[in-house]
Amino acid sequence: DLGSPSKWIWTTQGEVISQFSAQHQRNGIHIAGENGTPVSASAAGRVVYAGSGLIGFGRIIIVKHSEEFLSVYAHNSRIVVNEGDSVQQGQKIAEMGSTDADRVKLHFEIRQFGKPVDPLKLLSSG
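This note's numbering numbers the first residue of the sequence shown as -4 and each following residue consecutively.
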């Protein structure tokens, strides 16, 4: 059950510099890092979008994990998977960057039935 915290892992290493806030329309968290830092799939799934067609997100990947859950990884310098690829939890899918961003960071979202949820409530600690 992807609704339980033990099913998701941290997608990259770095400091959380922006928290999720529904009322401020911050739909995910921002994790600071170095250009080229590996970004991995937080849970297994299928890549349903990989590209730069969504304004404000730079190079972005969307992974569908189930009918219920999607995850979003944005501002990457490089994408290393293609739409339609199956990815395993922990598999490298991108490299951190600053495309369409003010600094090098990863914008990470988890969506449940299309609605953003706080990733920090689902990510396993550590």
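A virtual CB, placed ideally from N, CA and C, is assigned to each residue, including glycine. Small disclaimer: the values here were computed from a predicted structure and weren't measured.
Leaving out the 5 sequence neighbours to the left and right, which residues in its chain are closer than 6 Å to residue i when beta-carbon positions are compared?
i	result
N22	E104 and P111
R41	K59 and S81
V43	I57 and K59
A27	G9, E10, I12 and K100
Locate the alpha helix (DSSP H) running through residue i, then write down its first and last residues.
i	result
L118	Note, L118: premise wrong, no alpha helix (DSSP H); not H, not E.
Quick check on residue i: buried or exposed, where buried means 16 or more other Cβ atoms within 10 Å of its Cβ?
i	result
G79	exposed
S16	exposed
N71	buried
S61	exposed
L117	buried
I12	exposed
Straight-line CA distance for residue i to residue j?
i	j	result
A69	H102	5 Å
F64	L(-3)	7 Å
W3	S47	25 Å
Could you give the residue range of the beta strand (DSSP E) that holds residue i?
i	result
I50	Per DSSP, I50 belongs to no beta strand (DSSP E) and is neither H nor E.
H25	I24 to A27
K59	R54 to K59
I105	K100 to Q107
V34	P33 to S35
Keeping to the same chain, check which residues put their C-beta closer than 8 Å to that of residue i; ignore five residues upstream and five downstream.
i	result
S93	N30, G53, H70, S72, V99 and K100
L115	V11, Q14, F15 and I24
In its own chain, which residues sit with a C-beta less than 7 Å from the C-beta of residue i, not counting the 5 before and 5 after it?
i	result
L49	I55
Exercise for the section: Assess, as a yes-or-no matter, whether the region 43 to 57 is touched by the region 19 to 33 under the definition of 3 or more beta carbon pairs within less than 8 Å. Expected result: No, they do not touch.
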